[in-house]
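K.L.:
Quick one: structure below, then a few questions.
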Amino acid sequence: MNLEVIKQVRKNVPLIHHLTNQVVMNFTANGLLSFGGAPVMAKAEEEAHNMASLADGVLLNIGTITRADIKAMILAGQAANQKGIPVVLDPVGVAATSFRTDAVNEILKEVKPTVIKGNAGELANLVDTPWETKGVESIGEGNIAEIAEKVSIKYQTTAVLTGKTDIIHTTKERITNETGHPLLAKVTGAGCLLGSILAACLTTDAPIEDQAYTAVHFYGLAASYAAANPSVQGNGTFIASFLDALSRDPGTLESVIT
Amino acid sequence: MNLEVIKQVRKNVPLIHHLTNQVVMNFTANGLLSFGGAPVMAKAEEEAHNMASLADGVLLNIGTITRADIKAMILAGQAANQKGIPVVLDPVGVAATSFRTDAVNEILKEVKPTVIKGNAGELANLVDTPWETKGVESIGEGNIAEIAEKVSIKYQTTAVLTGKTDIIHTTKERITNETGHPLLAKVTGAGCLLGSILAACLTTDAPIEDQAYTAVHFYGLAASYAAANPSVQGNGTFIASFLDALSRDPGTLESVIT
Amino acid sequence: MNLEVIKQVRKNVPLIHHLTNQVVMNFTANGLLSFGGAPVMAKAEEEAHNMASLADGVLLNIGTITRADIKAMILAGQAANQKGIPVVLDPVGVAATSFRTDAVNEILKEVKPTVIKGNAGELANLVDTPWETKGVESIGEGNIAEIAEKVSIKYQTTAVLTGKTDIIHTTKERITNETGHPLLAKVTGAGCLLGSILAACLTTDAPIEDQAYTAVHFYGLAASYAAANPSVQGNGTFIASFLDALSRDPGTLESVIT
Numbered sequence: 001m002n003l004e005v006i007k008q009v010r011k012n013v014p015l016i017h018h019l020t021n022q023v024v025m026n027f028t029a030n031g032l033l034s035f036g037g038a039p040v041m042a043k044a045e046e047e048a049h050n051m052a053s054l055a056d057g058v059l060l061n062i063g064t065i066t067r068a069d070i071k072a073m074i075l076a077g078q079a080a081n082q083k084g085i086p087v088v089l090d091p092v093g094v095a096a097t098s099f100r101t102d103a104v105n106e107i108l109k110e111v112k113p114t115v116i117k118g119n120a121g122e123l124a125n126l127v128d129t130p131w132e133t134k135g136v137e138s139i140g141e142g143n144i145a146e147i148a149e150k151v152s153i154k155y156q157t158t159a160v161l162t163g164k165t166d167i168i169h170t171t172k173e174r175i176t177n178e179t180g181h182p183l184l185a186k187v188t189g190a191g192c193l194l195g196s197i198l199a200a201c202l203t204t205d206a207p208i209e210d211q212a213y214t215a216v217h218f219y220g221l222a223a224s225y226a227a228a229n230p231s232v233q234g235n236g237t238f239i240a241s242f243l244d245a246l247s248r249d250p251g252t253l254e255s256v257i258t
Numbered sequence: 001m002n003l004e005v006i007k008q009v010r011k012n013v014p015l016i017h018h019l020t021n022q023v024v025m026n027f028t029a030n031g032l033l034s035f036g037g038a039p040v041m042a043k044a045e046e047e048a049h050n051m052a053s054l055a056d057g058v059l060l061n062i063g064t065i066t067r068a069d070i071k072a073m074i075l076a077g078q079a080a081n082q083k084g085i086p087v088v089l090d091p092v093g094v095a096a097t098s099f100r101t102d103a104v105n106e107i108l109k110e111v112k113p114t115v116i117k118g119n120a121g122e123l124a125n126l127v128d129t130p131w132e133t134k135g136v137e138s139i140g141e142g143n144i145a146e147i148a149e150k151v152s153i154k155y156q157t158t159a160v161l162t163g164k165t166d167i168i169h170t171t172k173e174r175i176t177n178e179t180g181h182p183l184l185a186k187v188t189g190a191g192c193l194l195g196s197i198l199a200a201c202l203t204t205d206a207p208i209e210d211q212a213y214t215a216v217h218f219y220g221l222a223a224s225y226a227a228a229n230p231s232v233q234g235n236g237t238f239i240a241s242f243l244d245a246l247s248r249d250p251g252t253l254e255s256v257i258t
Numbered sequence: 001m002n003l004e005v006i007k008q009v010r011k012n013v014p015l016i017h018h019l020t021n022q023v024v025m026n027f028t029a030n031g032l033l034s035f036g037g038a039p040v041m042a043k044a045e046e047e048a049h050n051m052a053s054l055a056d057g058v059l060l061n062i063g064t065i066t067r068a069d070i071k072a073m074i075l076a077g078q079a080a081n082q083k084g085i086p087v088v089l090d091p092v093g094v095a096a097t098s099f100r101t102d103a104v105n106e107i108l109k110e111v112k113p114t115v116i117k118g119n120a121g122e123l124a125n126l127v128d129t130p131w132e133t134k135g136v137e138s139i140g141e142g143n144i145a146e147i148a149e150k151v152s153i154k155y156q157t158t159a160v161l162t163g164k165t166d167i168i169h170t171t172k173e174r175i176t177n178e179t180g181h182p183l184l185a186k187v188t189g190a191g192c193l194l195g196s197i198l199a200a201c202l203t204t205d206a207p208i209e210d211q212a213y214t215a216v217h218f219y220g221l222a223a224s225y226a227a228a229n230p231s232v233q234g235n236g237t238f239i240a241s242f243l244d245a246l247s248r249d250p251g252t253l254e255s256v257i258t
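What follows is the structure in structure tokens.
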């Protein structure tokens with residue numbers, strides 16, 4: 001973990017423009033606020049370019065995407081590419097329907113993401129590898145390192161594949177992460193909020209592999225730390241504890257894990 | 001309560017496709033995850049049919065319905081009917097405006113719901129019985145058993161009428177339920193989440209009256225159990241405690257109520 | 001603080017129709033329920049007029065506004081003006097993009113708000129005063145009393161300018177408020193929920209300056225009270241504690257502050 005990444009986020013409070021799904025907007029905004037960033041979540045296609053141009057980073061998450069959203073996402077992503085700020089693409093449930101597959105293809109034709117983040121089923125779909133999925137969940141098994149590598153090569157990007165083991169694959173190297181907690185799977189949008197945390201970390205001046213690994217590693221530590229709180233008795237109390245934990249220093253989070 | 005219903009949900013983790021209102025999406029998804037199901041909440045009309053076809057059950061909730069949503073709901077409901085999976089219809093605030101009344105009529109012309117769930121004011125409206133309402137709340141009084149029966153006959157469905165006493169009326173019999181807690185009335189979407197829990201229970205192979213009663217009875221028990229937690233001091237702490245409680249075994253919930 | 005305002009809200013349970021942003025709908029509804037009001041959040045332009053006509057007050061919040069929303073807001077605001085019920089306008093992030101500036105201008109041409117509520121950057125924009133903003137946040141400094149006064153004169157309304165010090169400016173007088181807590185800035189929609197609480201207080205028969213000051217003063221007290229709860233360790237636990245606190249008596253909230 002590169003502590004400089006966390007420090008810079010908290011010093012600069014990067015403004016992240018989110019075009020994300022309606023299920024997780026509130027949780028994502030509160031999670032990013034706790035971590036140290038500043039969320040904005042404008043939706044209208046008329047202001048997508050302008051709002052992204054004001055931001056330090058952009059998150060595109062297709063969880064509840066409609067045709068109007070696709071256009072707004074492309075405009076926001078293009079503005080980010082023009083300005084040279086990071087774009088995270090989270091192709092939620094891309095394998096579930098052809099509408100989603102087409103939407104992601106449309107976006108990827110017009111926007112170059114800095115990071116593509118998803119579970120194994122989502123990233124496998126992007127490189128035409130068969131994988132078992134259920135709605136927006138990945139339930140298949142296979143060579144996740146290979147999937148991540150293929151995504152990084154095909155899209156010339158950094159792939160962040162989340163799961164029990166997370167794989168970060170830049171165009172040059174692979175890093176694995178083992179932090180995390182089973183309760184995250186019981187919280188809707190746990191993956192979506194990570195996309196926002198990633199976008200914030202990508203606004204710092206550390207190397208991309210440090211930015212991505214720090215985001216993913218810190219996120220998993222925060223989950224373990226939160227779950228260890230004696231007040232946590234299920235996903236409801238965990239959500240509150242996890243939002244709290246995202247504001248902690250990395251050292252504090254680590255102290256409880258050992 | 002038929003414990004087999006809860007057991008089967010937790011074993012099979014049914015995928016419920018939600019076309020529901022924007023106020024309650026996050027709470028509903030977390031509630032269903034805690035209970036043991038898997039939520040998906042795609043909105044686009046282009047994928048409504050496909051997503052419902054992948055699911056084990058469908059929830060249609062009109063709380064913030066727009067014209068585009070009506071079409072998506074009909075497509076999802078029809079896909080569910082074709083596949084033979086359960087459909088729950090929650091006609092939130094149907095009596096409030098003619099737009100809602102028309103929307104529900106349009107849906108009911110095209111989709112056959114397995115369960116229609118609502119408060120007394122909503123169900124009374126569906127059978128043209130006068131009832132006092134306030135926004136999306138029911139504040140009138142009258143013969144709720146009769147209302148539920150009329151809905152079950154008119155729509156050849158199971159009616160679940162929620163209130164201080166809940167009435168479950170299949171086409172053949174009536175069951176009443178008394179579990180619940182006043183704090184549920186202070187949580188937005190408490191009724192909406194019950195629709196999702198109902199949909200999950202309807203995916204099991206128990207008789208419909210067992211499925212519906214178990215969902216409603218368990219839900220009320222979970223509310224009482226959650227409210228008894230000493231950490232609960234209002235609706236904010238109750239929400240967290242209630243989400244936690246939805247993951248408990250029925251026996252655990254019952255132990256605290258006596 | 002005029003205790004009669006709180007008492008009347010809790011006795012009458014005013015129905016507030018919200019046309020508000022998707023990030024904060026759930027939090028706002030639960031906050032208003034805890035405080036003592038009744039939320040409704042219909043979105044469709046087809047029912048905007050009808051739903052507002054059934055309500056006791058209307059909140060217009062442009063946080064995630066789209067073109068369709070602008071029309072619905074105008075219809076709801078006009079219905080409220082015709083019926084003589086209060087309208088609160090919250091021009092979230094109005095300075096960020098020309099789309100927002102135009103949207104607010106369109107609304108203000110057709111609707112007369114009882115209160116315009118916003119941070120310094122938002123209200124400064126409405127009176128063409130330069131101010132530094134970042135996304136939907138105000139980060140500039142300047143004469144906030146003058147900004148509030150200008151808004152009240154230009155729009156012949158009551159301006160509520162929120163910040164470390166809050167300014168309430170009716171067309172006749174200025175009141176300042178100092179209650180509040182830094183954790184509010186870590187909760188998305190803290191300002192948005194205040195708009196809803198304001199709308200509820202405006203339905204009472206107290207003078208406008210009492211209604212507005214009571215809403216703002218009570219809200220800040222609730223935040224301090226909530227933050228003093230030993231369970232609060234960050235924004236997640238604060239959200240739950242704050243929702244709880246909104247249901248308390250003013251005397252209870254004050255007892256902890258000293």
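Chains as they are written, first to last, in full-length UniProt numbering: chain A, 1 to 258; chain B, 1 to 258; chain C, 1 to 258.
We put the CB at the ideal spot given by N, CA and C, even for glycine.
On a predicted model such as this, the values are computed, not experimentally measured, just so you know.
1) Decide if C/P86 is buried, meaning its Cβ has at least 16 other Cβ atoms within 10 Å, or exposed.
2) Taking Cβ to Cβ, would you say B/P250 is nearer than 8 Å to B/I6?
3) Please indicate yes or no: does the CB of B/S247 lie closer than 7 Å to some heavy atom of the ligand NAD?
4) Can C/T20 and C/C201 be called in contact, C-beta distance under 8 Å?
5) Where does C/A72 sit, in a helix, a strand or coil, going by DSSP?
6) Is A/I248 helix, strand or coil when you go by DSSP?
7) Can you grab the Cα-Cα spacing for the pair B/M51 / B/A76, in whole Å?
8) I want to see whether chain B comes within less than 8 Å of C/M51, judged by CB atoms only; does it?
9) Below 7 Å CB to CB, which residues in the same chain sit around A/E209 once its five sequence neighbours on both sides are set aside?
10) If you drop the 5 nearest sequence neighbours on each side, which residues of the same chain put their C-beta closer than 6 Å to that of A/V256?
11) Determine the chain C residues that contact B/K186 at a beta-carbon separation under 7 Å, and present them in chain order.
12) Go ahead and pull the three-state DSSP assignment for C/G220.
13) Look up A/N177 in the DSSP assignment and give the residues it is bridged to.
14) Roughly how many angstroms separate the alpha carbons of A/V136 and C/P113, rounded to a whole number?
15) Would a check of beta-carbon distances place C/K134 closer than 8 Å to chain A?
16) Does the count of Cβ pairs from the region 231 to 249 of chain B and the region 9 to 19 of chain C closer than 8 Å reach three?
17) Tell me whether the region 92 to 103 of chain C and the region 145 to 162 of chain C touch, counting them as touching only if at least three CB pairs, one residue from each stretch, are closer than 8 Å.
18) Checking contacts by CB at 8 Å: is C/A38 closer than that to chain B?
19) For the region 9 to 26 of chain C, enumerate the residues whose C-beta is nearer than 7 Å to any C-beta of chain B, in chain order.
20) Run the CB neighbour count on A/N26, radius 10 Å, all protein chains shown included, and call it buried at 16 or more, exposed below.
21) Which residue's Cα is closest to the Cα of A/V216: A/P182, A/L108, A/E178?
22) By alpha-carbon positions, which one of C/L59, C/D69, C/V111 ends up nearest to C/G118?
23) If you measure beta-carbon to beta-carbon, which residues of the region 77 to 111 of chain C are closer than 8 Å to chain A?
24) Could you spell out the range, first to last residue, of the alpha helix (DSSP H) harbouring A/I62?
25) Does A/N235 come within less than 8 Å of chain B when only Cβ atoms are used?
26) I need the boundaries of the beta strand (DSSP E) containing B/G118, first residue and last residue.
27) Since A/A145 sits in a beta bridge, which residues does DSSP pair it with?
28) Count the other CB atoms, across all protein chains shown, that sit within 10 Å of the CB of B/N143; report buried if there are 16 or more and exposed otherwise.
29) Let me make sure I understand the geometry here. Which of B/G220, B/L246, B/R248, B/T204 has the alpha-carbon closest to that of B/G84?
30) Could you name the residues of chain A that B/F242 contacts, counting a contact when the two beta carbons are closer than 9 Å?
31) Please state if the CB of A/V40 and the CB of A/G189 are separated by a distance shorter than 8 Å.
32) Does A/A228 get closer than 8 Å to chain C when you measure Cβ to Cβ?
33) With a cut-off of 8 Å on the beta carbons, I'd call A/A240 and B/A240 a contact; round off their distance for me.
34) Find the residues of chain C that neighbour B/R67, judging by a C-beta separation of less than 8 Å, and give them in chain order.
35) For C/L3, report the span of its beta strand (DSSP E) as first-last.
P.N.:
In terms of the structure at hand:
1) buried
2) yes
3) This structure lacks the ligand NAD; in fact it carries no ligand of any kind.
4) no
5) helix
6) The amino acid at residue 248 of chain A is misidentified as Ile; the sequence shows Arg. Coil.
7) 8 Å
8) yes
9) I168, T170, E173, I175
10) Y225, A228
11) L33, S34
12) helix
13) A/D166
14) 43 Å
15) yes
16) no
17) no
18) yes
19) L15, Q22, M25, N26
20) buried
21) A/E178
22) C/L59
23) G93, A96, T97, S98, F99, R100
24) From DSSP, A/I62 is part of no alpha helix (DSSP H); its letter is neither H nor E.
25) yes
26) 115 to 119
27) According to DSSP, which records beta bridges pairwise, A/A145 is partnered with nothing at all.
28) exposed
29) B/T204
30) G236
31) no
32) no
33) 6 Å
34) A44, E46
35) Segment 3 to 12 is the alpha helix (DSSP H) holding C/L3; no beta strand (DSSP E) there.
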